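Asks: In order, the protein sequences belong to chains A and B.
In case it helps, the numbering used here puts the first sequence at residues -4 to 222.
In case it helps, the numbering used here puts the second sequence at residues -4 to 222.
We put the beta carbon where it would ideally sit given N, CA and C, even for glycine.
These numbers come from a predicted model, not from an experiment.
2 protein chains.
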Amino acid sequence: MAVPVSAARGETAAARAFREIRARILSGALPAGALVLEGEMAVALGLSRTPVREAMVRLADEGLVHLRPRHGMQVKPLSADDMREIYDVLTELEAAAARRCAERGLDAATLASLESAVAAMDAALARDDLDAWADADADFHRRLTEASGNAMLAAVVASFADRAHRWRMATLRLRPRPDASNDDHRAVVAAIRARDPARAEAIHRAHRAGAGEMLARLLERLAFAGD
Amino acid sequence: MAVPVSAARGETAAARAFREIRARILSGALPAGALVLEGEMAVALGLSRTPVREAMVRLADEGLVHLRPRHGMQVKPLSADDMREIYDVLTELEAAAARRCAERGLDAATLASLESAVAAMDAALARDDLDAWADADADFHRRLTEASGNAMLAAVVASFADRAHRWRMATLRLRPRPDASNDDHRAVVAAIRARDPARAEAIHRAHRAGAGEMLARLLERLAFAGD
DNA sequence: GCGCGCAACAACGCATGCATTAAAGTATCC
DNA sequence: GGATACTTTAATGCATGCGTTGTTGCGCGC
Chain A
-4 MAVPVSAARG ETAAARAFRE IRARILSGAL PAGALVLEGE MAVALGLSRT PVREAMVRLA
56 DEGLVHLRPR HGMQVKPLSA DDMREIYDVL TELEAAAARR CAERGLDAAT LASLESAVAA
116 MDAALARDDL DAWADADADF HRRLTEASGN AMLAAVVASF ADRAHRWRMA TLRLRPRPDA
176 SNDDHRAVVA AIRARDPARA EAIHRAHRAG AGEMLARLLE RLAFAGD
Chain B
-4 MAVPVSAARG ETAAARAFRE IRARILSGAL PAGALVLEGE MAVALGLSRT PVREAMVRLA
56 DEGLVHLRPR HGMQVKPLSA DDMREIYDVL TELEAAAARR CAERGLDAAT LASLESAVAA
116 MDAALARDDL DAWADADADF HRRLTEASGN AMLAAVVASF ADRAHRWRMA TLRLRPRPDA
176 SNDDHRAVVA AIRARDPARA EAIHRAHRAG AGEMLARLLE RLAFAGD
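#1: For residue 49 (chain B), would you say it is in contact with chain A, using Cβ-to-Cβ distances shorter than 8 angstroms as the test?
#2: Which residues in chain A have a C-beta closer than 7 angstroms to the C-beta of residue 81 (chain B)? List them in chain order.
#3: Consider the Cβ of residue 6 (chain B): report whether some Cβ of chain A lies at a distance smaller than 8 angstroms.
#4: Show which residues of chain B have a CB atom less than 7 angstroms away from the CB atom of residue 60 (chain A).
#5: Check residue 106 (chain A) in the structure and name its three-state DSSP category.
#6: Under 8 angstroms, do residue 158 (chain A) and residue 58 (chain A) count as touching if we go by C-beta distance?
#7: Hey, would you say residue 13 (chain A) sits closer than 8 angstroms to residue 54 (chain A), going by beta carbons?
#8: Taking only three categories from DSSP, how would you classify residue 42 (chain B)?
#9: Who are the Cβ neighbours of residue 201 (chain B) in its own chain at under 8 angstroms, not counting the five residues just before and after it?
#10: Would you grab the beta carbon distance between residue 148 (chain A) and residue 84 (chain B) for me? Rounded to a whole angstrom, and I think it's under 8 angstroms.
#11: Look at residue 49 (chain A) and residue 9 (chain A) and say whether their C-beta atoms are less than 8 angstroms apart.
#12: What is the rounded straight-line gap between the Cα of residue 114 (chain A) and the Cα of residue 99 (chain A)?
#13: Should residue 88 (chain A) be flagged as near chain B, meaning a C-beta pair shorter than 8 angstroms?
#14: Kindly indicate if chain B contains any beta-carbon less than 8 angstroms away from that of residue 17 (chain A).
#15: Can you give, in chain order, each stretch of the alpha helix (DSSP H) that sits fully within the region 118 to 179 of chain B and has at least 4 residues?
#16: Taking contact to mean 3 or more Cβ pairs, one atom from each stretch, closer than 8 angstroms, check whether the region 64 to 75 of chain A and the region 165 to 182 of chain A are in contact.
#17: Does chain A have any CB closer than 8 angstroms to the CB of residue 91 (chain B)?
#18: Which residues in chain B have a C-beta closer than 8 angstroms to the C-beta of residue 56 (chain A)? List them in chain order.
#19: Leaving out five residues before and five after residue 0 (chain A) in sequence, what residues of the same chain have Cβ atoms less than 6 angstroms from its Cβ?
#20: Can you check whether the C-beta of residue 84 (chain B) is within less than 8 angstroms of a C-beta belonging to chain A?
#21: Output the distance between the C-alpha atoms of residue 86 (chain A) and residue 138 (chain A), rounded to the nearest integer angstrom.
#22: Going along chain A in order, which residues have a C-beta closer than 7 angstroms to the C-beta of residue 70 (chain B)?
#23: Relative to the C-alpha of residue 77 (chain B), which candidate in B:155, B:109, B:197 and B:52 has its C-alpha closest?
#24: State the start and end residues of the unbroken alpha helix (DSSP H) segment that holds residue 101 (chain B).
#25: Less than 8 angstroms between the CB atoms is what I'm expecting for residue 52 (chain A) and residue 52 (chain B), so what's the real figure, rounded?
#26: Using only the alpha-carbon positions, how far apart do residue 217 (chain A) and residue 164 (chain A) sit?
#27: Mapping the DSSP letters down to three states, classify residue 30 (chain A) as helix, strand or coil.
#28: Is it the case that the Cβ atoms of residue 135 (chain A) and residue 109 (chain A) are separated by a distance below 8 angstroms?
#29: Verify the CB distance criterion: does residue 151 (chain B) have a CB-CB separation below 8 angstroms to chain A?
#30: Would you decide whether residue 199 (chain A) is buried or exposed? Buried here means 16 or more other CB atoms lie within 10 Å of its CB.
#31: Have a look at B:35, B:185, B:146 and B:11 and flag the residue whose alpha-carbon is nearest the alpha-carbon of residue 88 (chain B).
#32: How about residue 167 (chain B) and residue 129 (chain B): do their beta carbons lie closer than 8 angstroms?
#33: Within its chain, find whatever has a CB closer than 7 angstroms to the CB of residue 94 (chain B); leave out the 5 residues flanking it on each side and keep chain order.
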């Protein structure tokens, strides 16, 4: 069973370890709090400890895990407060991205790509496919930040979205139907198209802040129920 | 000469390598564009390649260097546009931090620590000690973001401040005397003390945006002059 | 019966060696 | 004379081994 998982040609073992461990965390295969030893993961991936160790260091740097010498890598449990911190950062940076898009003005192709992402969200919701909706939603946010023209901002947002990803997925079916989200996104795109920076920023800020607070409260309820 | 530089007790070799290489980059001892092989750095630090390699991976993740297999680690040259991207992120996040400080209200000790940082900037400027001024300035920004109550935001800001650090230092004596900076900081602290979030955010935003644009233009002039 | 100390074990952190591979230099052919 | 192919060299990426260190379990003493 030490089959190298989907061995991409030319990919280094370290990159593969990073990608694979990250995927297992984001998918929930490695649940929050899980302790994984270097040796275990090395065997599981069919590699030696060296590339696995490198991957763990990178994941720790990105905030997904915590390294506890002699105890292994621990998948970081996220508290409601952590979620608020993450969403505060996302709110500020994405709202700024929306404003920048409206200021710069986007070309027709980029605008169309944003609108098609919203359309995908609508379609997913219409058929009650929440997983597809979440994918389309993440896609929209990614395209928006990339369209801002600031690649470093987009990278930070992507990293923070990663950290929150597990919990967004875990609460996907516990939260109200996200019809309002689709409306918000549509309004943001409209504001960008209308070259109205203040409106684009305000709508997106309210959207993210609201979503963050909702998730944080949901986590608080879950933690309470779990006790 | 393979003397382990300031070997802190209990610090792992990898941590030491990371800290030392980072320090050399920030201080300019390793100039932008410099190519350093794993083996060279390992000898220079009196370590083996393994911890050095780990440090290089981390530095690459943090955006300070670029890994070019067979060519070594290259200290990232920063363009004026890179500087604008960095400062845009800093502007958004620090302005948010200032707002949050004013919203939450800071205890007397934290407010005093911010004011003492401004006082240190004043004192440094009064004796024309620009290096001390830059240290005090960095200290102020660090304390402000940490006081925001959002540790993740503070960590991102610190990371981006690192990336810009080399160029701030390089242009320290080419820019106008930063008297206005001190005034801005004083005004931000006053707004926080007065619990005026909008004013705290607006002042700090203008401060960072102005500084970023000045630095970016300075870099453009330098690049032009360097050709 | 409880607490403290010691010993065995296991994971880690690092060094080292090896195979791979890309780059550079050289020689040969056109 | 120039270009191409081959050889050589060297840096990398990874595996492995060893010393260190922290932990856990057991035994002994109180």
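Replies: Taking the geometry as given:
#1: As a working note, residue 49 (chain B) is residue 54 in the second sequence. Residue-level contact by beta carbon holds for residue 49 (chain B) and chain A, with a gap shorter than 8 angstroms.
#2: Residue mapping note: residue 81 (chain B) aligns to position 86 of the second sequence, counting from 1. Counting only Cβ-Cβ distances below 7 angstroms, residue 81 (chain B) has contacts in chain A at 147, in chain order.
#3: Translated into the one-based positions of the second sequence, residue 6 (chain B) becomes position 11. Contact with chain A is absent for residue 6 (chain B), since none of that chain's Cβ atoms lies less than 8 angstroms from the residue's Cβ.
#4: Position 65 of the first sequence, counting from 1, holds the residue named residue 60 (chain A). Neighbours of residue 60 (chain A) on chain B: none; closest Cβ ~14 angstroms, over 7 angstroms.
#5: Taking the first sequence and counting its residues from 1, the one referred to as residue 106 (chain A) is at position 111. Note: residue 106 (chain A) maps to helix in three-state DSSP.
#6: In the first sequence, residue 158 (chain A) corresponds to position 163, counting from 1. In the first sequence, residue 58 (chain A) corresponds to position 63, counting from 1. Yes, the pair counts as a contact, with Cβ atoms nearer than the cut-off.
#7: Locating residue 13 (chain A) in the first sequence gives position 18, counting from the first residue. Locating residue 54 (chain A) in the first sequence gives position 59, counting from the first residue. For residue 13 (chain A) and residue 54 (chain A), yes; Cβs fall inside 8 angstroms.
#8: Position 47 of the second sequence, counted from the first residue, corresponds to residue 42 (chain B). Reduced to three states, the DSSP call for residue 42 (chain B) is coil.
#9: The residue given as residue 201 (chain B) occupies position 206 in the second sequence. If you ignore the 5 residues before and after residue 201 (chain B), its C-beta comes within less than 8 angstroms of the C-beta of 179, all in its own chain and listed in chain order.
#10: Walking along the first sequence from the start, residue 148 (chain A) turns up at place 153. Walking along the second sequence from the start, residue 84 (chain B) turns up at place 89. With 8 angstroms as the limit, residue 148 (chain A) and residue 84 (chain B) qualify as a contact, their Cβ atoms being about 5 angstroms apart.
#11: Walking along the first sequence from the start, residue 49 (chain A) turns up at place 54. Walking along the first sequence from the start, residue 9 (chain A) turns up at place 14. Cβ atoms of residue 49 (chain A) and residue 9 (chain A): closer than 8 angstroms.
#12: Indexing the first sequence from 1 puts residue 114 (chain A) at position 119. Indexing the first sequence from 1 puts residue 99 (chain A) at position 104. Counting only the Cα atoms, residue 99 (chain A) lies some 23 angstroms from residue 114 (chain A).
#13: On the first sequence, position 93 is the one that residue 88 (chain A) refers to. At least one CB atom of chain B sits nearer than 8 angstroms to the CB of residue 88 (chain A).
#14: Here residue 17 (chain A) refers to the residue found at position 22 of the first sequence. With a threshold of 8 angstroms between beta carbons, residue 17 (chain A) makes no contact with chain B.
#15: Complete alpha helix (DSSP H) runs here, min 4: 125 to 142 and 146 to 165.
#16: Taking 8 angstroms as the limit for Cβ pairs, the verdict is that the region 165 to 182 of chain A does not touch the region 64 to 75 of chain A.
#17: Within the second sequence, the letter at position 96 stands for residue 91 (chain B). When Cβ-Cβ separations below 8 angstroms define contact, residue 91 (chain B) makes contact with chain A.
#18: Locating residue 56 (chain A) in the first sequence gives position 61, counting from the first residue. What residue 56 (chain A) touches in chain B: 53, 56 and 57.
#19: If you number the first sequence from 1, residue 0 (chain A) lands on position 5. Confidence at residue 0 (chain A) is low in this model, with a pLDDT of 41, below 50, so its placement is unreliable and no value can be given for it.
#20: Here residue 84 (chain B) refers to the residue found at position 89 when the second sequence is read from its first residue. Residue 84 (chain B) counts as touching chain A.
#21: For the purposes of this step, residue 86 (chain A) is taken as the residue at position 91 of the first sequence. For the purposes of this step, residue 138 (chain A) is taken as the residue at position 143 of the first sequence. Near 15 angstroms, if we compare the C-alpha coordinates of residue 138 (chain A) and residue 86 (chain A).
#22: Sequence index remark: in the second sequence, residue 70 (chain B) carries index 75 (1-based). Those within 7 angstroms of residue 70 (chain B) in chain A number zero; the least Cβ separation is about 17 angstroms.
#23: Within the second sequence, the letter at position 82 stands for residue 77 (chain B). Selected option, being the one with the closest Cα: B:155.
#24: Your numbering for residue 101 (chain B) matches position 106 in the second sequence. Careful: residue 101 (chain B) lies outside any alpha helix (DSSP H) and carries neither H nor E.
#25: Within the first sequence, residue 52 (chain A) is the residue found at index 57, counting from 1. Within the second sequence, residue 52 (chain B) is the residue found at index 57, counting from 1. Under the criterion of beta carbons closer than 8 angstroms, residue 52 (chain A) and residue 52 (chain B) qualify as touching, at roughly 7 angstroms.
#26: What you label residue 217 (chain A) is simply residue 222 of the first sequence in a count that begins at 1. What you label residue 164 (chain A) is simply residue 169 of the first sequence in a count that begins at 1. Cα atoms of residue 217 (chain A) and residue 164 (chain A): separation of roughly 14 angstroms, rounded to the nearest angstrom.
#27: Translated into positions along the first sequence, residue 30 (chain A) becomes position 35. DSSP, reduced to helix, strand and coil, places residue 30 (chain A) within a strand of the structure shown.
#28: What you label residue 135 (chain A) is simply residue 140 of the first sequence in a count that begins at 1. What you label residue 109 (chain A) is simply residue 114 of the first sequence in a count that begins at 1. In this structure, residue 109 (chain A) lies closer than 8 angstroms to residue 135 (chain A) by Cβ.
#29: Indexing the second sequence from 1 puts residue 151 (chain B) at position 156. Output row for residue 151 (chain B): interface = yes.
#30: For the purposes of this step, residue 199 (chain A) is taken as the residue at position 204 of the first sequence. With 16 or more other Cβ atoms inside 10 Å of its own Cβ, residue 199 (chain A) counts as buried.
#31: Taking the second sequence and counting its residues from 1, the one referred to as residue 88 (chain B) is at position 93. Closest by C-alpha distance to residue 88 (chain B), out of B:35, B:185, B:146 and B:11, is B:146.
#32: The sequence position of residue 167 (chain B) within the second sequence is 172, counting from 1. The sequence position of residue 129 (chain B) within the second sequence is 134, counting from 1. Yes.
#33: Translated into positions along the second sequence, residue 94 (chain B) becomes position 99. These residues qualify, in order along the chain: 192, 195 and 196.
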